[in-house]
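Enquirer: Before I ask anything, let me first share the structure, which is written out below as structure tokens.
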Amino acid sequence: MLNDTQTEPTTLPTQRGAQLVTVNEVPATLDQTNFPVLGKGAKDFESVTEKISGLVLRKGVTKGWVVGFGIAFMLLMLFLYAVTVLFVDGIGIWGINVPVAWGFDIVNFVWWIGIGHAGTLISAILLLLRQDWRTSINRFAEAMTLFAVACAGMFPILHLGRPQLFYWLLPYYPNTMALLPQFRSPLLWDVFAVSTYGTVSLLFWFVGLIPDLASLRDRATTRGKQMIYGALSLGWRGSAIHWKRYTTIYMILAGLSTPLVLSVHTVVSFDFAVSQIPGWHATIFPPYFVAGAIFSGFAMVLTLGIPLRKYYGLEDYITPRHLNNMAKVMLATGLIVVYGYSQEAFMGWYSGAEYEKYMIWNRMTGPYAPAYWALIFCNGVVPQLLWMRKFRTHTVWLWCISIVVNVGMWLERYVIIAISLHRDFVPSAWGYYNPTFFDWATYIGTMGLFLTLFFLFIRFLPVIAVSEVRELVHIEHAKHGHH
Amino acid sequence: MEPATQPPIYGLMAEFATGEALLDATQRASNAGYRQMDAYSPVPVEGIAEAIGFKTKLPWGVFCGGLTGAVFGMGLQYWASVIYYPMNIGGRPMFSIPSFIPVTFETTVLFSALTAVFGMIILNKLPTPYHPVFNVQGFDRASTDRYFLAIEATDPKFNRQRTWEFLESLKPENLAEVPH
Chain A
1 MLNDTQTEPT TLPTQRGAQL VTVNEVPATL DQTNFPVLGK GAKDFESVTE
51 KISGLVLRKG VTKGWVVGFG IAFMLLMLFL YAVTVLFVDG IGIWGINVPV
101 AWGFDIVNFV WWIGIGHAGT LISAILLLLR QDWRTSINRF AEAMTLFAVA
151 CAGMFPILHL GRPQLFYWLL PYYPNTMALL PQFRSPLLWD VFAVSTYGTV
201 SLLFWFVGLI PDLASLRDRA TTRGKQMIYG ALSLGWRGSA IHWKRYTTIY
251 MILAGLSTPL VLSVHTVVSF DFAVSQIPGW HATIFPPYFV AGAIFSGFAM
301 VLTLGIPLRK YYGLEDYITP RHLNNMAKVM LATGLIVVYG YSQEAFMGWY
351 SGAEYEKYMI WNRMTGPYAP AYWALIFCNG VVPQLLWMRK FRTHTVWLWC
401 ISIVVNVGMW LERYVIIAIS LHRDFVPSAW GYYNPTFFDW ATYIGTMGLF
451 LTLFFLFIRF LPVIAVSEVR ELVHIEHAKH GHH
Chain B
1001 MEPATQPPIY GLMAEFATGE ALLDATQRAS NAGYRQMDAY SPVPVEGIAE
1051 AIGFKTKLPW GVFCGGLTGA VFGMGLQYWA SVIYYPMNIG GRPMFSIPSF
1101 IPVTFETTVL FSALTAVFGM IILNKLPTPY HPVFNVQGFD RASTDRYFLA
1151 IEATDPKFNR QRTWEFLESL KPENLAEVPH
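Chains as they are written, first to last, in our numbering: chain A, 1 to 483; chain B, 1001 to 1180.
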């Protein structure tokens, strides 16, 4: 690595539409203590484009892909079975009942929607903050967001009881009932927040894909692939005028997505915080939920990214730098979440309110205490390993920690939702919630849906944003004087 | 039948190995008085749109889209809750502004994003499955690692001979005519 201070400041094309940046702004020490963003294999535009489009354009499928897709598809069939029975028999097949009327369906909804948040954080917020390392992980993280939102969106609709009437949630026309949704309800805000989030994530993802689809079109050797990728790329030809509008709106989309992603989990937390249930009615919920969403989302990016990197030979693109940085984000957001837990306990005591006190005591020592302490272990204890660099860069350890965090974040929502509900204000109204086979089948089934979509994505679309990595290669070259 | 006024070729195209060479060539073409031209590159090259004299007003369009979304969101809720079906919910005023903010925010973002993306696609005249530049041999590398500058025949200063010579003076890797 060359000492940057000795070279003349060079003007570089920067990440998607940002202003000009001079190389001297990057402190040399930062580069020397950190891992490089890209490995040696990603040396020029040709090798980057070849490697990533090669994964898509090669003939046939690998054995590992078939096995993975097969398992995912079987789980998807389990989902279809569970949903079919649900449609025939109604939501009585689930374990929910008064007082626990929100069970797995809402737990899973919040879990999935939280997972999606990391994709938007990586693609939008880190872009605005000029974190160049985001470039090689943003595409599959965005795909993860989309698929997670698709899974999340299922649950409230399935929970409706009459899912065929889901459009009653929206103000629609012609409305023969002369009734409109209740705009003062957080549940209605949720409909708008989640549907806007899904739409904007899809647009952002597709816009990012356009130049890469053009690369695939130009490298495809069969007529069929040329036609399909040609149509999907909308005939993109890399015109300077097109690029100008493209980079302009890409930055605008990032700017729009940033408050959007924060609003989505805030609104999700309003579903609870606006109610009067002890354990839900807390002002800390919005920031605490957003941090938890990012925490679980980064865990899922690692859960998917580490095997992807290994089996697709992407070590030059997803480098120890990425693992290290993602682990740090997980550690930071994990600590915010733990602060949230401590405040829930503190407020339970400090409020002096009988029901608040009982709620937190019941969490810690009641019938669901194992879930609470498992949550503290998964989200509070295990992530502390990430203080050590060894765990942040060791793929196997990091993957295991990411799984633990995924489990922990699921438990968090379970604890918040089921425990707060099961002991109502009057002991005569107390109940106990037991998930049934169909609760589990629907939950595990959505994992099948998620993984099926993900396996199709890694087979048919570029998992890494080719055109953005090309820009990064250009910047890295200029920075290190190989140009 | 093609109109009689259409020039016999689309234009002339020079190929360059780097973005810097393309930017330099575009600036010189602009200085030489050419206006109807376009550059093609695998990555956005900073400053090139300015060199061919292009500015986009799309951000203002997005702003208007966002404004429309905000007015629509708040208007919808006002109309529904105050005019169409006023209902007393927990004693709140009919026009309960704080409760109406989340939906207004979401429609603002949604309308802005839709305007941005569809504005970009429509103004770029996409999808364009066929374009003359695709006829040039080697243009497929415009999506990998090559940079192209095309001066179009519709430019008033365009002259098949003189423009060819001008582009040759820029020392391109390749030079070709772009047929329709």
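Glycine is no exception: its CB is placed at the ideal position from the N, C-alpha and C atoms. Since the model is a prediction, treat every value here as computed from it, not as a measurement.
Considering Y960(B), what are the terminal residues of the beta strand (DSSP E) in which it resides?
Expert: As displayed, chain B neither begins before 1001 nor continues past 1180, which places residue 960(B) out of reach and without an answer.
Enquirer: Counting only runs of 4+ residues fully inside the stretch 378-454 of chain A, write out the alpha helix (DSSP H) ranges in chain order.
Expert: Segments of the alpha helix (DSSP H) lying fully in the stretch 378-454 of chain A: 389-393 and 395-414.
Enquirer: Measuring CA to CA, which of A1025(B), T1104(B), D1024(B) and Y1147(B) is closest to F192(A)?
Expert: The residue you call residue 192(A) lines up with position 192 of the first sequence. Considering only alpha carbons, the answer is T1104(B).
Enquirer: Taking C-beta pairs closer than 7 Å, name the residues in chain A that H1131(B) reaches, listed in chain order.
Expert: As a first step, residue 1131(B) must be located in the second sequence, where it is residue number 131. The answer, in chain order, is G235 and R237.
Enquirer: Look at the alpha carbon of P1172(B) and the alpha carbon of G1138(B), and state the distance between them as a whole number of angstroms.
Expert: Position 172 of the second sequence, counting from 1, holds the residue named residue 1172(B). Position 138 of the second sequence, counting from 1, holds the residue named residue 1138(B). Computed Cα separation, rounded: 13 Å.
Enquirer: If you measure from the beta carbon of Y1010(B) to each beta carbon in chain A, is any gap under 9 Å?
Expert: Counting from 1 along the second sequence, the entry for residue 1010(B) is found at position 10. No, Y1010(B) does not count as interfacial toward chain A.
Enquirer: Using DSSP with H/G/I as helix, E/B as strand and the rest coil, what is L1012(B)?
Expert: Numbered from its first residue, the second sequence carries residue 1012(B) at position 12. Strand.
Enquirer: Once the 5 residues before and after G103(A) are set aside, which same chain residues still bring their CB inside 8 Å of it?
Expert: Mapped onto the first sequence, residue 103(A) falls at position 103. The residues are W94, G95, I96, I417, A418, Y433, P435 and D439.
Enquirer: Keeping to the same chain, check which residues put their C-beta closer than 7 Å to that of Y1034(B); ignore five residues upstream and five downstream.
Expert: Here residue 1034(B) is taken as the residue at index 34 of the second sequence, counted from 1. Within the same chain, Y1034(B) has close Cβ partners I1151, D1155 and K1157.
Enquirer: Can you name the residues that DSSP bridges to D1038(B)?
Expert: Residue numbering aside, residue 1038(B) sits at position 38 when the second sequence is read from its first letter. According to DSSP, D1038(B) bridges with A1150(B).
Enquirer: Based on the DSSP secondary-structure assignment, which residues constitute the bridge partners of A484(A)?
Expert: In the structure displayed, chain A extends from 1 to 483; residue 484(A) sits before or after that span and is not available.
Enquirer: Would you please verify whether the beta carbon of G1075(B) is less than 9 Å from any beta carbon of chain A?
Expert: Within the second sequence, residue 1075(B) is the residue found at index 75, counting from 1. Taking Cβ atoms only, chain A never reaches closer than 9 Å to G1075(B), which makes this a no.
Enquirer: Can you tell me where the beta strand (DSSP E) with E1173(B) in it begins and where it stops?
Expert: As a working mapping, residue 1173(B) is identified with position 173 in the second sequence. It is not in any beta strand (DSSP E) - E1173(B) carries neither H nor E in the DSSP assignment.
Enquirer: Are any of the Cβ atoms in chain B nearer than 9 Å to that of P171(A)?
Expert: Looking up residue 171(A) in the first sequence gives position 171. Chain B contact via Cβ: present.
Enquirer: Would you kindly check if the distance between the Cβ of S195(A) and the Cβ of A299(A) is under 9 Å?
Expert: By one-based count along the first sequence, residue 299(A) stands at place 299. By one-based count along the first sequence, residue 195(A) stands at place 195. Going by C-beta atoms, A299(A) is not nearer than 9 Å to S195(A).
Enquirer: Excluding five sequence neighbours on each side, which residues of the same chain lie with their C-beta closer than 7 Å to the C-beta of F486(A)?
Expert: Residue numbering for chain A in the displayed model covers 1 to 483; residue 486(A) lies beyond these limits and cannot be assessed.
Enquirer: Considering only C-alpha positions, which residue in the set G279(A), V98(A), A371(A) and K244(A) is nearest to I1048(B)?
Expert: Position 48 of the second sequence holds residue 1048(B). Ranking G279(A), V98(A), A371(A) and K244(A) by Cα distance to I1048(B) puts K244(A) first.
Enquirer: With three or more C-beta pairs closer than 8 Å as the rule, is the stretch 300-307 of chain A touching the stretch 389-407 of chain A?
Expert: In short, these stretches touch, since the Cβ pair count reaches three.
Enquirer: Would you report the Cα separation of Y250(A) and N1088(B), rounded to the nearest angstrom?
Expert: Within the first sequence, the letter at position 250 stands for residue 250(A). Within the second sequence, the letter at position 88 stands for residue 1088(B). Looking at the two C-alpha atoms, the distance is approximately 43 Å.
Enquirer: With three or more C-beta pairs closer than 8 Å as the rule, is the stretch 1075-1087 of chain B touching the stretch 258-275 of chain A?
Expert: Touching, no, given that fewer than three Cβ pairs across the two stretches are closer than 8 Å.
Enquirer: Can you check whether the C-beta of G230(A) is within less than 9 Å of a C-beta belonging to chain B?
Expert: The sequence position of residue 230(A) within the first sequence is 230, counting from 1. Yes, G230(A) lies at the interface with chain B (some Cβ there is under 9 Å from its Cβ).
Enquirer: So which residues of chain A does A1116(B) contact, with C-beta pairs closer than 7 Å?
Expert: Against the second sequence, residue 1116(B) aligns to sequence position 116. Simply I249, I252 and L253.
Enquirer: Which residues in the same chain as N138(A) place their Cβ atom closer than 7 Å to its Cβ, once the five residues preceding and following it in sequence are excluded?
Expert: As a first step, residue 138(A) must be located in the first sequence, where it is residue number 138. Hits under 7 Å: I122, S123 and A465.
Enquirer: When you compare the CB of S257(A) with every CB in chain B, is at least one pair closer than 9 Å?
Expert: As a working mapping, residue 257(A) is identified with position 257 in the first sequence. Yes, S257(A) lies at the interface with chain B (some Cβ there is under 9 Å from its Cβ).
Enquirer: Secondary structure at S1096(B), three-state DSSP: helix, strand or coil?
Expert: On the second sequence, position 96 is the one that residue 1096(B) refers to. S1096(B): coil per DSSP, three-state reduction.
Enquirer: Once you ignore the five residues that flank Y229(A) on each side, which residues in its own chain have a CB closer than 7 Å to its CB?
Expert: The residue given as residue 229(A) occupies position 229 in the first sequence. Only L213, L216, R217 and A220 meet the Cβ criterion.
Enquirer: I want to verify the contact list: residues of chain B whose CB lies under 7 Å from the CB of L164(A), in sequence order.
Expert: Looking up residue 164(A) in the first sequence gives position 164. The amino acid at residue 164(A) is misidentified as Leu; the sequence shows Gln. Within 7 Å Cβ-Cβ: nothing; Q164(A) doesn't reach chain B, min ~24 Å.
Enquirer: Whose Cβ in chain A lies nearer than 7 Å to the Cβ of F1100(B)?
Expert: Against the second sequence, residue 1100(B) aligns to sequence position 100. Those are F183, listed as they occur along chain A.
Enquirer: Given this structure, state the Cα-to-Cα distance separating L202(A) from T1163(B), to the nearest angstrom.
Expert: What you label residue 202(A) is simply residue 202 of the first sequence in a count that begins at 1. What you label residue 1163(B) is simply residue 163 of the second sequence in a count that begins at 1. Roughly 44 Å separates the two Cα atoms.
Enquirer: In the stretch 462-483 of chain A, which residues sit with their C-beta less than 7 Å from some C-beta in chain B, listed in chain order?
Expert: The residues in question are S467, R470, E471 and H474.
Enquirer: Near F1072(B), what residues of its chain come up, given a Cβ to Cβ distance below 8 Å and the 5 sequence neighbours on each side ignored?
Expert: What you label residue 1072(B) is simply residue 72 of the second sequence in a count that begins at 1. Once the five neighbours on either side are set aside, the close Cβ partners of F1072(B) are T1107 and F1111.
Enquirer: With 8 Å as the limit, tell me which residues of the stretch 1033-1045 of chain B have their beta carbon closer than that to any beta carbon of chain C; keep them in chain order.
Expert: Any reference to chain C falls outside this structure, whose protein chains are A and B.
Enquirer: Grouping DSSP H, G and I as helix and E and B as strand, with all else coil, what is V48(A)?
Expert: Along the first sequence, one-based indexing puts residue 48(A) at 48. Residue state, collapsed to three classes: helix.
Enquirer: Among V382(A), S269(A) and K390(A), which one has its Cα closest to the Cα of S185(A)?
Expert: Within the first sequence, residue 185(A) is the residue found at index 185, counting from 1. Looking at the Cα atoms, S269(A) is the closest of the given residues.
Enquirer: Which value, in whole angstroms, describes the spacing of the CA atoms of Y288(A) and H242(A)?
Expert: Residue numbering aside, residue 288(A) sits at position 288 when the first sequence is read from its first letter. Residue numbering aside, residue 242(A) sits at position 242 when the first sequence is read from its first letter. So the two alpha carbons sit approximately 41 Å from each other.
Enquirer: Buried or exposed: K1057(B), going by 16 or more other Cβ atoms within 10 Å of its Cβ?
Expert: Within the second sequence, the letter at position 57 stands for residue 1057(B). Label assigned to K1057(B): exposed.
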